[in-house]
Every structure is written in C-alpha cells, then in structure tokens.
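These notes are about the structure you will find just below.
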C-alpha cells in the first residue's frame, strides 16, 4: 500500500518557519554532501501533495520547474481551481477523497511537502502514515507551528532517531 | 556556575499535557527500572523552581511531601505570596532576580520542574542553560504546549540524543 509521508524540518519549539516565511534558521544545518536522507526519501516517492501557499513560496524562491519537471505527479491543494500545467494539478476538492483515490491506484509513496495547513488537514483525518521530522537545534520563539491545535490523538510507532554533526536530530515514526 | 535546567517530557507535537491536566500519555513509556536518567539528573540539583499550578497539581496528585521533604530548596513561583513551609518558599517577585540571586550563591544546579508558564517566563529572559526533553511517540492533538509564542530566538548546542525501547527519544541541548 502506498504511504503518505512527511519529511520536514522544525525547530525544537516546533516551528517550520519564522514570521514572513523566514527559513534562514535552516542555513545552520546546511553542509556539503549532507542531504539528511532527502534524495533517498524522494526516490521512493512519485506523487507530491502540497499546499498552495507553500507551492507559491517555492515557485517564487526556486522556480516553477522545482515541481513542474515531469518527474512526479504534483497536487496543489487550493481553494481556487486552476488549469493543470504539465504534471502539476490544482485540486480544490476533499483531501481525504484525493488520498483515498491515490492510495487505490498503484504507485510509489506520496510525499506531503507542507505547509502546516495541509499537514494539519491530513492529520485531522489521520491520513499521514509516516513522519520524518528533523529537529534543528534552535528555539525560534515564534512563527508557523508545524502542529496546530484541534487534531485527534494519534499513537506513533518509533522507527529510529539519528543525530548529525550539525546538531540536527532526525526522528522517524510511523502510524501505529 | 550553577545551571538552570529543564527535564521534561512532551509529545511529538509539543504538548506536556492534554486538556484538564491529563498526563496519561506518559503511561505508555513507563517501564520497570527505567527512569530515563531522572535520578542521575536530580542528583546534581539542590534547588527547584516550579510554577504554582504545577506545584498544586503535584501536591494534589502525589502529596506535599514530594517537594517538602527537606532535601532541596523549592521556590514556588506564584502571584500570591504565602508563608514558607520547611524548605518550600512561595515567591511572587521577579524570576530573573531570583535566578540571578541563586546563581550568585554557591550550590548545585537548579531544576525548573515546569509548567509551561514558568518555562516560558524563563525563556523570555534567556535563563535556561540546559534542556533535557523526552519526546513521547504520540501526537496528542491538543493540550498545554511546552513552548508558547513570543519568546526571543535562542541558539542551542546539541549535546546528545538517546532513544529507548519504549520509543521515547531524549534530546539534550545546552544554551549556546
């Protein structure tokens, strides 16, 4: 069965960004030839789910080709439908329905690439199977919390934790 | 120099309790002869700082003797001063002043035993030197967040991480 996974970095106090989409705290763990398992993770993924705000951020900061490169199916979750471009589709329907449909199709794993809103929506419906969370050694103090209030309780099975020279600790869990 | 340290458990989504002081999620990591380093930690502590709400909770659930046992100086941070009992003092002044005074005195380390309010107040003044945080493999979904918004950014030095059979991961940082 295809799994829905997140692979994301947060500060020790649980933020994925400082106010105004400031991701500069991630620079402190950048290291040559160290991708913290990202390439290995994306190798087993053929589909990406992403929120519209995060998509727009990546398009603005990196370029549309980051997602629209023909390599993977990309579903951008948005309130305003838009025509597809290449393998990038804009989806304004129910997220549980989309995930059910994708899981019923053959394929590799499904990567929810953020942000916090789409992750919260998936968690509200208990739809995340695997969690790979990199904890950055910093307290940001304020910003966008990865986990918002008002989700159901969910037990996790611990898979592994791995620490790196930069002080990043990668925690790996799956749904119990 | 005496250090101020926290030693606390939180869910992966950053809660130290569910609503209504429900700590039952901690039961899943209870294991005979495994105290996750607590005794070793408290051995190097001779002073406890604690918030009034957490103090009341412990007195109600465990008994006043948990703190009032003559072993350590206990400062209960409260808005309403009250007479001391044994080595337990009720303190309604400035927390930074108390910490400065304690650090200027000789002694062992100082353990801030929670809750989130006093920890936030200490963090607002950058007064926590050491963080030992045990991550429990569960998403609680709602509750009392360990880290509240509106603190200054603080860089941490990663010391170690250790995982246990129960799936608990203990993260250890110090102030940079």
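Protein chains in written order, with our numbering: chain A, 8 to 183; chain B, 8 to 183. Glycine residues also receive a C-beta, built at the ideal position from the N, C-alpha and C atoms.
Within chain B, the C-beta atoms nearer than 7 Å to that of residue 159/A come from 148, in chain order. Residues are counted here when their Cβ sits less than 7 Å from a Cβ of chain A; for the region 33–58 of chain B the count is zero. In the three-state DSSP reduction, residue 32/B falls in the helix class (H, G or I). Using a 10 angstroms sphere on the CB of residue 18/B, the tally of other CB atoms reaches 16 or more, which defines it as buried. By the CB criterion at 8 Å, residue 10/A and residue 137/A fall inside the cutoff. For residue 63/A, the closest C-alpha among the options 76/A, 132/A, 85/A, 159/A is that of 85/A.
For residue 64/A, no pairing in a beta bridge is given by DSSP. In the DSSP annotation of this structure, residue 116/A is not part of any alpha helix (DSSP H); the continuous beta strand (DSSP E) holding it starts and ends at 116–119. Residue 43/A is not bridged by DSSP to any residue. Interface flag for residue 164/B against chain A is set, since a Cβ pair is found closer than 8 Å. Interface residue (Cβ-Cβ distance to chain B less than 8 Å): residue 144/A is classified as such. For residue 65/B against residue 73/B, the beta-carbon gap comes to about 5 Å, under 8 Å, which counts as contact.
When 128/A, 69/A, 43/A, 33/A are compared, the shortest CA-CA separation from residue 158/A is found for 128/A. DSSP places residue 110/A inside the alpha helix (DSSP H), whose first and last residues are 102–111. Look at the beta carbons and you see the region 139–147 of chain B touching the region 169–179 of chain B: at least three pairs across the two are nearer than 8 Å. A distance below 8 Å separates the beta carbons of residue 25/A and residue 149/A. Closest in C-alpha terms to residue 160/A, from the list 105/B, 15/B, 22/B, comes 22/B. A Cβ-Cβ contact shorter than 8 Å links residue 135/A with residue 182/A. Contact holds between the region 112–120 of chain B and the region 44–57 of chain B, because three or more Cβ pairs, one in each stretch, are under 8 Å apart. With the criterion set as a beta carbon lying under 7 Å from some beta carbon of chain A, the members of the region 17–28 of chain B are 19, 20, 21, in sequence order. According to the DSSP assignment, residue 12/B belongs to the beta strand (DSSP E) that extends over 11–18. The beta carbon of residue 156/B sits closer than 8 Å to some beta carbon of chain A. When only Cα atoms are considered, residue 100/B and residue 100/A end up about 54 Å apart.
DSSP places residue 99/A in the coil class of the three-state scheme, outside both helix and strand. Taking the Cα positions, residue 166/A is about 8 Å away from residue 174/B. Secondary structure within the region 68–94 of chain A: the beta strand (DSSP E) runs of 3 or more consecutive residues, fully enclosed, are 80–84 (chain order). Under a criterion of Cβ atoms nearer than 7 Å, no residue of chain B is adjacent to residue 121/A; the nearest Cβ is some 15 Å distant.
DSSP places residue 181/A inside the beta strand (DSSP E), whose first and last residues are 176–182. Contact with chain A is absent for residue 151/B, since none of that chain's Cβ atoms lies less than 8 Å from the residue's Cβ.
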